[in-house]
Structures are given as C-alpha cells and as structure tokens.
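Participant: Have a look at the structure that comes next, please.
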Amino acid sequence: MGNWADTAPVLLLVFNRPDHTAQVMEQIRQAEPPQLFVGADGPRADHPDDARRCKRAREVATRVEWDCEVRTLFRNENLGCKEAVSSAITWFFEHVDEGIILEDDCVPDPSFFPYCEYLLEKYRGDTRVSMVSGQNLLGTWKEDESSYHFSNFGGIWGWATWSGMWDMYEIDEELKKPEHVRRVLEGALREKLQVVLRSHGVNRALSGELESWGYQWFYARILNHTLAIAPSRNLVSNIGFGTDATHTKQPERKRQKAQSLSPPFIAPKSVLPDHKYDHKFFEASRGLGKNSILNFLRKRRIELEIMA
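Going by the working numbering, the sequence shown opens with residue 35, and the numbers climb by one from there.
Now the structure itself:
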C-alpha cells in the first residue's frame, strides 16, 4: 500500500459552500487519487445567491493539478439532500467497483485514504461488512487493542464502500413498513432506546417526511445483516456545523478533530459489533444525555418505558 496509483476512486459531493469545498479538496489534492467524481445538487429557486455559490463550489471541486480522470454529475435543478446524494452515489458505482465518499464539509486526515484503501481491499467480497467509516465521534476507542472495530452504526462523515453493497440501498416496499422496520432493528440493536429512536428516524426517512439518505442506508445495512468498520481514532473533521448546514445546524455541538492512524492496521479479534462502542456512539450522535433523551421522546410523543 501507499502507492496512490492504486488508490480507490473518490466521490466528492458538493453544493453551495466553496470555502468548505476548498478545504476538502486540499486533502484530496494531497492524496492524488487517479479518479475523482464530483456530484453537485442544483441551486434552490428561492435562494437567489445559490446559483453563484453553486457555480463557485463546482469550480473549486474540479480544479485538479495532478494526473487524474475527473467526471461530473452537475444537477440543473435542486433535488434535495436525500435524492441528490443517493443518486450521485448510485452514479458513482455505475462506473467503479469500490470507492471513497466525501461530502463538502468532511475534511479527512491524510491517513484516511490509505486506511480506506487497505480495508476496501481486505474486506472486499466479505458479505459481513458493508462499509468503512472514517468517523469516530468518541475521538478514540480501544486504540491500544486494534486499529478499527465493527459497529452497527456506521458514521457517514467520510466513508467508503463497494458497489455491490450500495445495491442494498434500494429497499422493497414491503420491507419499509414500520412494523417490519421495528422487528429488524430489534433483532440487531441491544438497547430499546436505540430501537425506538432509530425506528422513528428510519420511518420518517422512508416515508419522505425526513430529508435523509443516511437513515435509509443504515436500515439497508441492518436489514442485510452487515456491519460497518469504525476507526480507533477519528479520521474526519466535520466543519459544516452552523446555519448553512442541512442537518448540523448546532454550532455549539462538540466536534472531534481529525487524527492520524498509521499502518500497520491491526484487525480486531472477531467480526462482531462492539456493543459498548455502539452505546457510546449512539449517545454522542444524538448529543443527548438521559434527561435530554426523555425530553426528546416527550416532544415527539413517542411512548417508551425506560428502566431506571
């Protein structure tokens, strides 16, 4: 490893934030992948400044000074986060067998690229593993034991997968029914609170109430009995918190800095979910303590009995 001529292709997803895009491109530029795919949603009709900002972001994302094949999927109309991202990933995997996916606010450490490439090769064809995540909301986790671990929750702030695994994203209508979603998650997740909140999010996403492709991808992976790989150190910094963000509007939310993870990459002893990590990741991803979770449930009128 280490020869960037062998690096997996990269898909960069951009919209209307050229300054954010420039920071991500700087890291991609250092990695020099031989193939760069750029997917961009179109400007929103009710945001007059979008056209200019979208155009600028696209220019930044396609400014390549190394030997690289660049392909673009630029939308003229605004599809929204769910459709724009998911359709761009589908387009990406129509051209490649495996690859790395970065959004315009996910700035990776340079070690993120060889980490993804190594694990894409190691677990290629392994039906137990559906994605490689660069995200660790805890900062570090058991870094003295292994370089990565397995989780039911795969962070999508910088990740990689295989085309065959992304095929799972499209879900049969029968499997989208709320009662089926609940049964599937109950079979995989150990904690009742995780089942309730994740079922709620998945159902809202599948019905179109929530503009999110991530919940559908999470459900598709669990539905197919697969796990995500998570790094022992966080490898990607999300710089997209704030009012311009789609889902991360809380500027005060704690962010984890990107750290470095050097080879050799040491595997965990077994391909099983680390439930302790999942518990802590779940709490960190919600940004909620027990009292806040109870308030969250009350606000949405979700009935749940939580044992003290």
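Here a beta-carbon is modelled for each residue, glycine too, at the ideal position from N, C-alpha and C. In this text the structure is predicted, and so the values were computed from the model without any measurement.
Would you report the Cα separation of L219 and V229, rounded to the nearest angstrom?
Facilitator: Their backbone Cα atoms lie some 6 Å apart in a straight line.
Participant: With distances taken between CB atoms, is the gap from F252 to Y152 smaller than 8 Å?
Facilitator: Not closer than 8 Å, so no.
Participant: With a threshold of 7 Å on Cβ separation, who are the neighbours of A85 within its own chain once the five nearest residues in sequence on each side are excluded?
Facilitator: Excluding residues within five positions, the ones whose Cβ falls inside 7 Å are P77.
Participant: Around the C-beta of V48, are 16 or more other C-beta atoms found within 10 angstroms, so that it is buried, or is it exposed?
Facilitator: So V48 ends up on the buried side.
Participant: Enumerate in chain order the residues of its own chain whose CB-to-CB distance from G248 is below 7 Å, with the five nearest sequence positions on each side excluded.
Facilitator: Contacts found: I190.
Participant: Beta-carbon separation of A79 and R51 under 8 Å?
Facilitator: Cβ distance not < 8 Å, so A79 and R51 don't count as in contact.
Participant: Rounded to a whole number of angstroms, what is the C-alpha to C-alpha distance between E111 and S241?
Facilitator: Rounded to whole angstroms, E111 to S241 spans 22 Å at the Cα level.
Participant: By DSSP, does Y182 sit in helix, in strand, or in coil?
Facilitator: Reduced to three states, the DSSP call for Y182 is strand.
Participant: By how many angstroms is the C-alpha of E60 removed from the C-alpha of G173?
Facilitator: Looking at the two C-alpha atoms, the distance is approximately 23 Å.
Participant: Compare the C-alpha of T41 against each of H54, L70, A56, H81 and name the closest.
Facilitator: That would be L70, whose Cα lies nearest to the Cα of T41.
Participant: Determine the direct distance from the alpha carbon of S121 to that of I273, and round the result to whole angstroms.
Facilitator: Cα-Cα distance, rounded: 24 Å.
Participant: Name the residue from V44, P302, H309 whose alpha carbon lies nearest to the alpha carbon of D178.
Facilitator: It is P302 whose Cα lies nearest to the Cα of D178.
Participant: Within the same chain, show all residues whose beta-carbon is closer than 6 Å to that of L113, passing over the 5 residues directly before and after it, in chain order.
Facilitator: Excluding residues within five positions, the ones whose Cβ falls inside 6 Å are D75.
Participant: Are the segment 182-196 and the segment 308-316 touching, with three or more C-beta to C-beta distances below 8 Å?
Facilitator: Short answer: they touch.
Participant: Which residue marks the beginning of the beta strand (DSSP E) containing Q69, and which one marks its end?
Facilitator: That run of the beta strand (DSSP E) goes 69-74.
Participant: For the alpha helix (DSSP H) containing F315, list its first residue and its last residue.
Facilitator: Start and end: 309-320.
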